Every structure is written in structure tokens, then in C-alpha cells.
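Here is the structure we will look at.
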Amino acid sequence: MRVAIIGQGYVGLTIAMGAAGAEHSVIGFDVNEALVGRLNGGQSHIEGVSNLDLSGFISEGRYKSTSQAAELDGCDVVVIAVPTPLDEKRNPDLSYVHNAADLIAKHVKRPALIVNESTSYPGTLRKEIAARISGVDHWYASSPERVDPGNTQWGTKNTPRLIGGLTPAAVAKAREFYSSFCDSIIEVSSPEVAEAAKIFENTFRQVNIALVNEFAQIAHALGISGREVIEAAATKPYGFMPFNPGPGVGGHCIPVDPSYLAYVANIIGVPATFIQRANEVNLAMPAYVVKRVIAGNGGSIKGKKVIVVGVSYKSNVADTRETPAADVIDLLREQGAAVVWHDELVGQWRGESSSPLADADIAIVVSKHEGVSIGAIKGCGYVFDCTGSIDGVDGI
Ligand SMILES: NC(=O)c1ccc[n+]([C@@H]2O[C@H](COP(=O)([O-])OP(=O)(O)OC[C@H]3O[C@@H](n4cnc5c(N)ncnc54)[C@H](O)[C@@H]3O)[C@@H](O)[C@H]2O)c1
Numbered sequence: 012m013r014v015a016i017i018g019q020g021y022v023g024l025t026i027a028m029g030a031a032g033a034e035h036s037v038i039g040f041d042v043n044e045a046l047v048g049r050l051n052g053g054q055s056h057i058e059g060v061s062n063l064d065l066s067g068f069i070s071e072g073r074y075k076s077t078s079q080a081a082e083l084d085g086c087d088v089v090v091i092a093v094p095t096p097l098d099e100k101r102n103p104d105l106s107y108v109h110n111a112a113d114l115i116a117k118h119v120k121r122p123a124l125i126v127n128e129s130t131s132y133p134g135t136l137r138k139e140i141a142a143r144i145s146g147v148d149h150w151y152a153s154s155p156e157r158v159d160p161g162n163t164q165w166g167t168k169n170t171p172r173l174i175g176g177l178t179p180a181a182v183a184k185a186r187e188f189y190s191s192f193c194d195s196i197i198e199v200s201s202p203e204v205a206e207a208a209k210i211f212e213n214t215f216r217q218v219n220i221a222l223v224n225e226f227a228q229i230a231h232a233l234g235i236s237g238r239e240v241i242e243a244a245a246t247k248p249y250g251f252m253p254f255n256p257g258p259g260v261g262g263h264c265i266p267v268d269p270s271y272l273a274y275v276a277n278i279i280g281v282p283a284t285f286i287q288r289a290n291e292v293n294l295a296m297p298a299y300v301v302k303r304v305i306a307g308n309g310g311s312i313k314g315k316k317v318i319v320v321g322v323s324y325k326s327n328v329a330d331t332r333e334t335p336a337a338d339v340i341d342l343l344r345e346q347g348a349a350v351v352w353h354d355e356l357v358g359q360w361r362g363e364s365s366s367p368l369a370d371a372d373i374a375i376v377v378s379k380h381e382g383v384s385i386g387a388i389k390g391c392g393y394v395f396d397c398t399g400s401i402d403g404v405d406g407i
């Protein structure tokens, strides 16, 4: 099949590689021309896609990236994988999805399967995409992406794929496409069910992470280790699922997607109180970290040299979107600390560069990447670990 993927970010490029690996001819469309140039030069920008795989598919003629929208026409499948962030008021910003739909309306003149993989609230495929496209009888399906960047166990191939279509023919076409590179396809009765399932999965994580973050604070105040309690509770073979506390939630999904559900719930008059409370708890975690660091340093960190280790939102990825490290650093600086950060995966961030892991009074570990030396972290003197991966130091 000839396949176009709109958006060549974490999701779009991953899907492009999956489809190219299944012998489809893939066009990776992106409005970012610099990114298109790098991709066509065989340079991947995400951890899960190697330059070797990308270059291989390019040389075999199975992948090319473009910013030319005219190339979308004549494709059998067009997948939308564009950002779905929040606006300043923390409401859904569907402008990227609308732009992608408008591109399809303008350029895709032959009937195609149109699939939305971008995460959004139930009703997006029907009301925000299909309703904007007229004049051509496309097939429409929703297949929300569940990829977990950096996860080596679960990827595009072996993570079950949900499909909900506007018509049975759309579902059949989506099944044919995705079963060429995904092991397990799960059909649901409507696109709204598929969209809601994805958003509920991430809300489940957001709420449980908030719960464990609150519990970690209670355990600390009780003088016991929250992590030891969680480990003990997890020995129960049923009815308990462990989550780990941390400095807050980051990335494009967990801090964002639940607010899409809260938004639509609010419109239909059902208050999403768990989501609101979970947001409050998770967003307050950087302040809790800084409060504990101050307490662990005699009540003041003014003038202290602090190094924040790992500024991406989780270990072994370079993604800094919504990372709690940003608030941790800003709050430390408000307290008069001299703050630098160390993260060689990230390298450059907010106009600053990664500093060598040495020569600090205090180290705060926000994410722990493989290869980062625990010895070097401990060499900094006082250590506060948000990851639970360093023994014998202060932390959550
Ligand atoms: N990153 C993840 O782990 C993950 C996991 C599951 C689902 N999702 C969802 O997938 C969607 C995409 O996320 P992502 O992480 O790939 O985003 P991303 O920011 O990594 O990539 C999005 C890409 O889309 C491009 N783009 C924006 N508007 C465009 C347009 N009109 N036409 C063509 N390209 C356009 C951008 O230039 C960018 O390269 C979001 O809805 C996200 O919530 C992400």
C-alpha cells in the first residue's frame, strides 16, 4: 500500500518505520522542513528508530519524508499523528489536528483510509476530522497510539492495537493495514470507544501516580519508607498494582491526556474530580522535592551549588516535554541556590547545556539514565533521589 503519515514525531516516525518494514511505500509528511531534511539524510531524532533502519528503508525506496502536501494524494492510507497539547488555560488545543484534516480536505482527492492516531477526546474523529472533509468518500477510523518511548519490551508490533471505525468498511481497511505490522488488532464498536479507551488508560496512570505521590508524603511523615510499603503491598497476588512515586509527571501524555477527558466531561456536565485532584498532587511534587531538600540541608540552600541529574521526564529518553525538572530547577533558584543540570542525552535545554556531574554540594536525581554513575552522584555530598534507584540516600 502507499501510506502517508502526517507528523513525523515520536508516534508518526515509529508508525512509518513499522509500515515500511511491512513492505508498504511510506511518505512521512511533516511541516518541519528541517526535520524532513534530516530524516531524508537518514538521521532519526527519536530513540526507538535507528539511523540504520531509517537509511535502509530510504535506500530501498520504502520511505521518504516530505513537506509537499500534494504528495498525500493517491495514498491508500493517511495516518494523522500530530500533537494534541493543552492551551494556556489547560484546555485541548486541536489546532494541529484541524490543520491535518484541512490538508487532507485540500489535497487527498482520491478515496483513502484516514486514520487518527493522535490522542484526543471521544468524538474527535467524527466531529473534528471527518466533518471537516467533504467531497470525497473516505473511510475513517480511530486507532489511538499507545507507544511508550524507550520501552524495549512493548512496541508497535506487540502492543495490541485498538481500532474503531465510522463504518464496517473503514474497520476492515484499518484491520488490513495495521495487521501487516501489528500482532494483535482489537476492534471496538465505535471510534469514540477507541478514543476514550486510550484517554482512560492514561487517566488511570495519572490518578494512580498522584495517589502514590500523596502516599509517599504520608509515609515519609510517618517515618517509614513509602517504597518499602509499596513493595510489601505488591506481594499480594491480586487486587493491587504497584506504581512508583516521583517528582511529578512529564511527557506528552500523562500530564496532558486526562485534561482532554476532564474537558469533555465538563461539557457534558459530569465533574472529573479525580483528574483535577490528581493534577494538583502531581503538579505540587516539584515543590515537595525542594521542601525536602531544604529540610535535608539545615533549612536553607541559599548559595549552595546544586546539580539536577536527568532532566528528561523519564529515564533513558531525551524528551523534556512537561518534565518536572523544569519546576524543580526554577524553585531551587528561587531559594537562592546556584543550579546546573547534568543530562548528556538531552545535551541542550532552555538555552543551557548539560554540566559535568561533579563539584556540587547537592545532587537531585530527577531521572536516572543508564550509564550515569551512582558513584559520581554520591560524590556530590547530599543526594536526593526521586527515582528509587540509589540506596542509602534521601529521596522519595
Ligand atoms: N510521544 C508519545 O509517547 C505518544 C504516545 C502515544 C500517543 N501520543 C500522541 O500522538 C500524537 C503525536 O505525538 P508525538 O509525540 O508524535 O508528537 P511530536 O511533537 O513528537 O511530533 C509531532 C510532529 O507533527 C508535526 N506536525 C505538526 N503539525 C503538522 C501538520 N499540520 N502537518 C504535518 N506535520 C505536522 C510536527 O512538526 C512534529 O514533527 C499526540 O496526540 C500524542 O498525544 C504520543
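Heads up: the sequence shown begins at 12 in this note's numbering, then just goes up one per residue.
In this text, a Cβ means the ideal position worked out from N, Cα and C, and glycines have one as well.
Since the structure is predicted, the reported quantities are computational estimates derived from the model, not experimental observations.
- A residue is called buried once 16 or more other Cβ atoms fall within 10 Å of its Cβ, and K313, having fewer, is exposed.
- Here I279 is exposed. Its C-beta has fewer than 16 other C-beta atoms within 10 Å.
- Contact check for Q54 against N62 passes: the beta carbons are separated by less than 8 Å.
- Three or more Cβ pairs drawn from the stretch 125-132 and the stretch 203-218 lie within less than 8 Å of each other, which places the two stretches in contact.
- For the pair of segments examined, the stretch 388-401 was found to touch the stretch 248-265: the number of CB pairs separated by less than 8 Å reaches three.
- Assignment of beta strand (DSSP E) within the stretch 98-183, counting only whole runs of 3 or more residues, yields 124-127, 150-153, 172-176 in chain order.
- Excluding residues up to 5 positions away in sequence, P171 lie with their Cβ nearer than 6 Å to the Cβ of S195 in the same chain.
- Distances from the CA of N51 to each of N327, N127, G386, F68 were compared; the closest alpha carbon is that of F68.
- Annotation: the continuous beta strand (DSSP E) that includes Y393 extends over 393-396.
- Relative to ligand 1, the beta carbon of P160 is positioned inside 7 Å of a heavy atom.
- Relative to ligand 1, the nearest heavy atom lies less than 7 Å away from the CB of D41.
- Taking a cut-off of 8 Å for Cβ pairs, the stretch 183-198 and the stretch 237-255 do not touch, as fewer than three such pairs fall below it.
- Per the coordinates, the alpha-carbon of V37 lies some 40 Å from the alpha-carbon of L294.
- Relative to the non-hydrogen atoms of ligand 1, the Cβ of T130 comes within a distance shorter than 7 Å of at least one.
- Unbroken beta strand (DSSP E) stretches of 3 residues or longer found wholly inside the stretch 171-242: 172-176, 196-198, given in chain order.
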